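Under this note's numbering, the very last position in the sequence shown is 391; numbers go up by exactly one each time. Everything on this sheet refers to the single structure shown next.
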Amino acid sequence: MTKRTLGWSVFCIFLLASCKQVEEPKAQLAYQFKGDTVVVSDQRLLSEKVKIDSVTVEPVAREVITAGTIQAIPTQYAYIAPPFAGRVVRSHIKLGEQVNQNTPLFEIISSDFTSAQKEFFQAESDRELARINLNRQKDLKENGVGSQKELDESKNALFLADKEYENAYTALQVYQTNPAQMKLGQPLVVRAPISGEVIQNNLVTGQYLSSESEHVAIIADLSKVWVVAQVKEKDIRYIHEGDKMDIHVSAHPEEPIKGEVYYIDGSIDIETRSIKVLSVCDNQEGQLKLGMYTTVHFTDQPTPHVVVPEKSILQGEESSFVFVKIRENTFVRTPVQVEVTRDGKAVLSNGLLPGQEIISEGGYYFK
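Here's what the structure looks like:
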């Protein structure tokens with residue numbers, strides 16, 4: 025290599041290095057940070073890479089999503105247990121059968137029930153004798169043979185006999201027995217206290233049931249059920265009685281089941297820090313089974329909220345932020361609190377005011 029060639033090569037290297045040093049400051053001068061404020065000097069960056077929009081206010085319905093279970097409504101759920109100790113002599117029901125209120129379920133022979141029958145018939149007989157005695161004392165008094173004292177005593181005896189009869193009559197009615205049609209020694213007929221479906225039947229003809237036996241059958245009206253949801257303490261303020269809700273069950277994922285908030289518990293579960301929310305849900309088709317797990321979507325009434333595009337939200341080390349335009353080509357980094365993101369929009373609880381201009385897209389160029 026000649027000296028002339030070598031000199032020319034050195035000159036080219038120096039020239040390229042000089043060009044690189046000139047180009048680097050230009051790239052750095054596209055924007056500059058001064059604290060939380062960024063000043064953009066490259067108009068092409070603003071026009072081609074960055075989009076600016078105004079902060080808007082829109083009606084937003086707050087949504088709370090939580091877990092729940094399907095439970096029976098207590099007034100539509102009945103445990104069937106024997107009122108007396110006795111032996112089952114006949115069963116009238118089958119599992120899954122629909123029964124009406126007062127429908128016979130089973131019959132038992134019970135010495136206790138027989139004793140209650142005897143007490144009723146004895147009370148009925150004593151009342152009739154007391155009535156006859158009173159009529160006789162009235163006749164004697166009218167004919168001048170009887171005394172007023174005997175008449176008063178017979179009236180008092182009839183009064184006491186009436187009370188004994190009423191007590192014995194009421195005791196039998198508790199067991200849904202009509203004393204007027206009862207025969208001494210007949211089995212006790214246990215009847216359905218409510219209308220519904222027999223969802224449990226443990227009856228066996230011939231089995232002996234003690235007075236302390238657990239229930240032998242369950243009847244439930246499941247045309248309506250409760251959805252019992254557990255709502256976190258921080259979210260309970262968004263839920264009110266009468267609010268609409270969607271219930272999702274894995275057995276029927278294609279369409280949510282509609283419900284309505286019926287009751288919000290007045291106390292909090294200390295262990296889970298959640299509050300029980302009861303909702304009545306129609307179940308005419310029997311889609312909801314007792315004990316099913318559900319995902320519950322509560323929807324509050326829409327209220328005005330500050331809304332910005334989701335792409336405008338940037339994540340810092342400690343909080344989310346957006347770039348707010350304060351003057352031409354100048355933006356300030358502003359912390360915001362995002363409540364929820366939905367359908368490409370972010371709902372804010374604080375940080376911005378309606379009408380402010382922000383970088384809605386491309387803010388990451390200045391991050």
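Idealized CB from N, CA, C, for every residue including glycine. What you are looking at is a predicted structure, and each value in this text was computed from that prediction instead of being measured.
With a threshold of 16 other beta carbon atoms within 10 Å, L129 meets it and is buried.
If one requires a minimum length of 3 residues, the beta strand (DSSP E) runs lying completely within the stretch 220-304 are 220-225, 241-244, 248-256, 268-272 and 281-288, in chain order.
The stretch 61-118 contains, as complete beta strand (DSSP E) runs of 3+ residues, the segments 61-64, 75-78, 80-84, 87-96, 101-104 and 110-115 (chain order). Per the coordinates, the alpha-carbon of S237 lies some 28 Å from the alpha-carbon of Q205. In the three-state DSSP reduction, E148 falls in the helix class (H, G or I). Closest by C-alpha distance to Y287, out of H272, V252, T354 and Q122, is V252. Under the three-state reduction of DSSP output, L184 falls in the helix class.
When C-alpha distances from L227 are compared across D77, A195, A105 and E188, the shortest belongs to A105.
Non-local C-beta neighbours of Q141 in its own chain, meaning closer than 6 Å and more than five positions away in sequence, comprise L208, ordered along the chain. CA-CA distance, K173 to A181, rounds to 12 Å. Looking at the backbone, the Cα of G170 and that of V240 are separated by about 59 Å.
Inter-segment contact for the stretch 373-391 and the stretch 74-81 is present: three or more beta-carbon pairs are separated by less than 8 Å. In the structure shown, L377 falls within a coil segment according to DSSP collapsed to helix, strand and coil. Around V123, the same chain offers A216 as residues with beta carbons nearer than 6 Å, after the five sequence neighbours per side are excluded.
If the five residues before and after Q95 are omitted, its C-beta is found closer than 6 Å to the C-beta atoms of W250 and V252, all from its own chain and listed in chain order.
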